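Numbering follows this note's numbering, in which position 301 of the sequence shown is assigned residue number 342; successive positions increment by one, without gaps.
Idealized CB from N, CA, C, for every residue including glycine.
All values reported here derive from a predicted model rather than from experimental measurement.
Just below is one structure, and these are the notes that go with it.
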Amino acid sequence: MTEIKRLNYFTSQFLVENDFEDEQAYHRRMRHLHNRSLHTWGVVEGLEVIKSGDKQVSVNSGLAIDSNGKEIVVIDEQPAEIKTVSLSEFEAGIRIYITIGAQDVEDEQDSYTLGSETKYTRTTERPQLEARSTEPGDDGAVILLAEIQLDTNGNVEDNIDNSVRRLASVNIPPGSTLLGPLTIGEKLTVSGDFEVTGNVNAPLNVTSNVTISENLTVDGNIRTSGMITGSSMPPNLIRNSYMNILDGNKPAGYTTQGNVTLEAAHPFTKGFEGPYVGEKPANAADSVDDATEENPYWFGRSNKGARIKRGGLAGGWVSFNDGRILKITGDNSGESTIVYFPFDGQGNILSKKYVHFKAWLKISSGKQVKFGENAGLSNNFAHPHWGIGITKEQSDNAPDGWYRVDLVIPTSEVTKLGGQSFSMGIEGDEDDGLFEVYLALPYLANLDNDSWLPSVSDMLSRDGLTVHPTSGNVGIGTTNPSTKLEVDGTVKATKFEGDGSGLTGISAGQWSNGSSNRIYYNAGNVGIGTDNPTEKLEVDGTVKATKLEVNETVNINGRILRNGQDFSKAGYASHNDIVTVPWGTTRDWNIFVSPRVMGLEEPRSEGDNALLKIECWAIVNNTTSWKIHARYKYKVSQNSDGRWFDENTRTVRPLVNYILIPR
Numbered sequence: 042m043t044e045i046k047r048l049n050y051f052t053s054q055f056l057v058e059n060d061f062e063d064e065q066a067y068h069r070r071m072r073h074l075h076n077r078s079l080h081t082w083g084v085v086e087g088l089e090v091i092k093s094g095d096k097q098v099s100v101n102s103g104l105a106i107d108s109n110g111k112e113i114v115v116i117d118e119q120p121a122e123i124k125t126v127s128l129s130e131f132e133a134g135i136r137i138y139i140t141i142g143a144q145d146v147e148d149e150q151d152s153y154t155l156g157s158e159t160k161y162t163r164t165t166e167r168p169q170l171e172a173r174s175t176e177p178g179d180d181g182a183v184i185l186l187a188e189i190q191l192d193t194n195g196n197v198e199d200n201i202d203n204s205v206r207r208l209a210s211v212n213i214p215p216g217s218t219l220l221g222p223l224t225i226g227e228k229l230t231v232s233g234d235f236e237v238t239g240n241v242n243a244p245l246n247v248t249s250n251v252t253i254s255e256n257l258t259v260d261g262n263i264r265t266s267g268m269i270t271g272s273s274m275p276p277n278l279i280r281n282s283y284m285n286i287l288d289g290n291k292p293a294g295y296t297t298q299g300n301v302t303l304e305a306a307h308p309f310t311k312g313f314e315g316p317y318v319g320e321k322p323a324n325a326a327d328s329v330d331d332a333t334e335e336n337p338y339w340f341g342r343s344n345k346g347a348r349i350k351r352g353g354l355a356g357g358w359v360s361f362n363d364g365r366i367l368k369i370t371g372d373n374s375g376e377s378t379i380v381y382f383p384f385d386g387q388g389n390i391l392s393k394k395y396v397h398f399k400a401w402l403k404i405s406s407g408k409q410v411k412f413g414e415n416a417g418l419s420n421n422f423a424h425p426h427w428g429i430g431i432t433k434e435q436s437d438n439a440p441d442g443w444y445r446v447d448l449v450i451p452t453s454e455v456t457k458l459g460g461q462s463f464s465m466g467i468e469g470d471e472d473d474g475l476f477e478v479y480l481a482l483p484y485l486a487n488l489d490n491d492s493w494l495p496s497v498s499d500m501l502s503r504d505g506l507t508v509h510p511t512s513g514n515v516g517i518g519t520t521n522p523s524t525k526l527e528v529d530g531t532v533k534a535t536k537f538e539g540d541g542s543g544l545t546g547i548s549a550g551q552w553s554n555g556s557s558n559r560i561y562y563n564a565g566n567v568g569i570g571t572d573n574p575t576e577k578l579e580v581d582g583t584v585k586a587t588k589l590e591v592n593e594t595v596n597i598n599g600r601i602l603r604n605g606q607d608f609s610k611a612g613y614a615s616h617n618d619i620v621t622v623p624w625g626t627t628r629d630w631n632i633f634v635s636p637r638v639m640g641l642e643e644p645r646s647e648g649d650n651a652l653l654k655i656e657c658w659a660i661v662n663n664t665t666s667w668k669i670h671a672r673y674k675y676k677v678s679q680n681s682d683g684r685w686f687d688e689n690t691r692t693v694r695p696l697v698n699y700i701l702i703p704r
């Protein structure tokens, strides 16, 4: 409309169809303008989506406003088919989005026949409920009411997610002043500055989130029992939150009190997340509660579930592969039932303080789980200081049974966060006290500006790992490393690699008493005591070993020593053979002889002639030589038993090896 005009009536005025249409159009347009200007689009009230059949859902009565300012109204008196949508046409195992929009329809019951034309006396403003497999745009043309997961049979799962809807609100013009109490039931969105000149407490009640896109200036106090969040995120005080550092089969650092068992479970367990694959695995579980590592639940194509979406603790898009979740089982038969977290939490906490705790929690069995000061310290569950609790009913009503814990929790007046200052307690079933609970990705942050916590480097140094702030050297077991890496203790490694730059020297340390002994690696050769090895292993010095195994030929340029004086040589075992040794001695010696060639190929043998036995001994001739005496039993024919040849027989001389060893 170019201008805003309303009808003006007078006596005897002749009215036509356009006059009445303009009358209605004027009021509708002004109402839509009001809705667009003073309200945001979304659900005003009601319109909860519920399961009304295996393959259909329905919407309750309620009101919504779209981005054009049109009202979308569902009332109890409307026919059921208007408020119901069938999902039988969709593929099994996918996610469905339920939307509602405004439409004008002409009902047959309002038709009127005028000559050959059909006219309608009424226009019906009817809600249009639809189901689609793709997520709708965020432009307000239609309103997203819920997300639904179909199981492997194409049936609607019980956990319908109504939390995805956008709620309608109020647009407050810039510079507006509110007089009197302001109660906000859901969200307060501020697109400009929100300035408070006094205290913010009652009567300002915030039961959900407050989003501020610019600055919040407060000249006074802010008191809250819920969360105040911002763009920055304090460091997590809980160590090993991904639970991929293990002691046996449980996450390292997590401890218990009472009859409690901890286990590092695979993230596919109970459907915390699913496999990041395009097609449903043949071994997929039918429900999240039946899901295991071997039989995971499939949330759909390249979808790891409502908690993880795409990345995850076990596979996914740019994600971890070794992350775990905490499985907690037991009962309340002990004096207490407690789970302690591994904290980095030493600080100057002088009075009762608050921490921000977040985690994913699933209670498969049991009554409730509590977090906070003295939580679970006693199995008297009515204890007034037993922390803030999450019930099994809350867990069961959450998507896939995984409840998002997001709490501000008080701690006691201590200087170290842990133990009784913050813990987790579990109350089992009423009948037998048994429980089975799962916890994933725990996060704890300090919220107090008048307490302090050590830096990350301080906490690591306290546990033995120091990066020196000046030199940049790394120390393990020492806070003052003098080299790039200094370890005060034993280093165990499966492999050590250099940078391939050539000559590398490693100080021998306790390997030798010599201060200059080094191991060198040069061009593929290893040298001990020499920096220019020419063979695969070259040793400049004495080699002492308990065993030496040789697979190929060994070339000996010098001598082989045993206890300093052994001698080895090959030659003929013959009469008056003289062996000269390269050193002088007057000691008595034993000689050990073995044939070099045996069997049918012996020198001067025929047929199956064979050397049967050799006896050989040495007599000291002088200080540098020995006279070798030998006899050998030789078989000269097939039927012969063999006969001895002594040192006077020189016709057959088999080749032998012999070693002289001092007595």
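Considering Cα atoms alone, identify which of the options is closest to residue i.
i	options	result
Leu448	Asp472, Lys533, Asn487 and Ser99	Asn487
Tyr295	Lys588, Asn438, Val446 and Ile366	Ile366
Ser127	Gly375, Glu198, Thr310 and Gln97	Gln97
Asp192	Ala400, Asp331, Leu219 and Gly505	Asp331
Gly356	Pro308, Val329, Arg342 and Glu335	Pro308
Ser102	Leu402, Ser93 and Glu118	Glu118
Tyr317	Arg77, Gly352, Val85 and Ile45	Gly352
Ser93	Ile189, Leu219 and Tyr484	Ile189
Lys368	Arg206, Val380 and Leu79	Val380
Ser512	Leu506, Gly518, Leu104 and Lys525	Lys525
Given a cut-off of 7 angstroms, decide if residue j and residue i are closer than it, judged by their beta-carbon atoms.
i	j	result
Thr302	Thr378	no
Ile279	Phe412	no
Gly582	Pro574	no
Thr125	Val183	no
Gly346	Glu314	yes
Asn281	Ala293	yes
Tyr81	Ser204	It should be noted that the sequence gives Thr, not Tyr, for residue 81. Cβ atoms of Thr81 and Ser204: not closer than 7 angstroms.
Ala133	Gly216	no
Gly364	Tyr338	no
Leu170	Leu88	no
Leu208	Gly83	yes
Ile91	Ser99	yes
Ser406	Phe476	yes
Asp202	Pro440	yes
Ile429	Val410	no
Trp401	Ala325	no
Asp148	Thr165	yes
Ile113	Ala143	yes
Can you name the start and end residues of the beta strand (DSSP E) that residue i belongs to?
i	result
Thr412	The sequence shown places Phe at residue 412, not Thr. Residues Gln409 to Gly413.
Ala66	It is not in any beta strand (DSSP E) - Ala66 instead sits in the alpha helix (DSSP H) that spans Glu58 to Leu79.
Lys160	Glu158 to Tyr161
Lys144	In the sequence under discussion, the amino acid at residue 144 is Gln, which differs from the Lys named in the question. Per DSSP, Gln144 belongs to the beta strand (DSSP E) from Arg136 to Val146.
Leu278	Note, Leu278: premise wrong, no beta strand (DSSP E); not H, not E.
Arg167	Thr165 to Arg173
Asn566	Asn566 to Ile569
Asp40	The chain is shown from 42 up to 704; residue 40 falls before or after that span and cannot be answered.
Ile123	Element bounds for Ile123: n/a, residue is neither H nor E.
Val98	Gln97 to Val100
Val318	Neither: Val318 is in no beta strand (DSSP E) and is coded neither H nor E.
Val7	Limits of the chain in this structure are 42 at one end and 704 at the other, which puts residue 7 out of reach.
In the DSSP assignment, find the alpha helix (DSSP H) that holds residue i and state where it starts and stops.
i	result
Asn438	Lys433 to Asn438
Taking only heavy atoms of the ligand SAH into account, decide whether any of them is closer than 6 angstroms to the Cβ of residue i.
i	result
Gly469	Absence of the ligand SAH from the depicted structure is noted, as is the absence of any ligand whatsoever, leaving it without description.
On the DSSP bridge list, what partners appear for residue i?
i	result
Gln298	Ile379
Gln54	Answer is none; Gln54 lacks a bridge partner.
Asn487	Val396
Ala586	Beta-bridge pairing links Ala586 to no other residue.
Ile106	Gly83 and Glu112
Lys291	Asp288
Ala481	Trp401
Ile213	DSSP, once it has assigned bridges, lists no residue as partnering Ile213.
Ile91	Ser99
Thr218	Per DSSP, none; premise fails for Thr218.
Phe476	Gly371
Ile467	Val410
request  = Could you pull out every unbroken beta strand (DSSP E) segment of at least 3 residues lying fully inside the segment 344-399, listed in chain order?
outcome  = Listed in chain order, they are 366-371 and 379-381.
key: Any beta strand (DSSP E) of 3 or more consecutive residues that is wholly inside the segment 171-200   = 184-190
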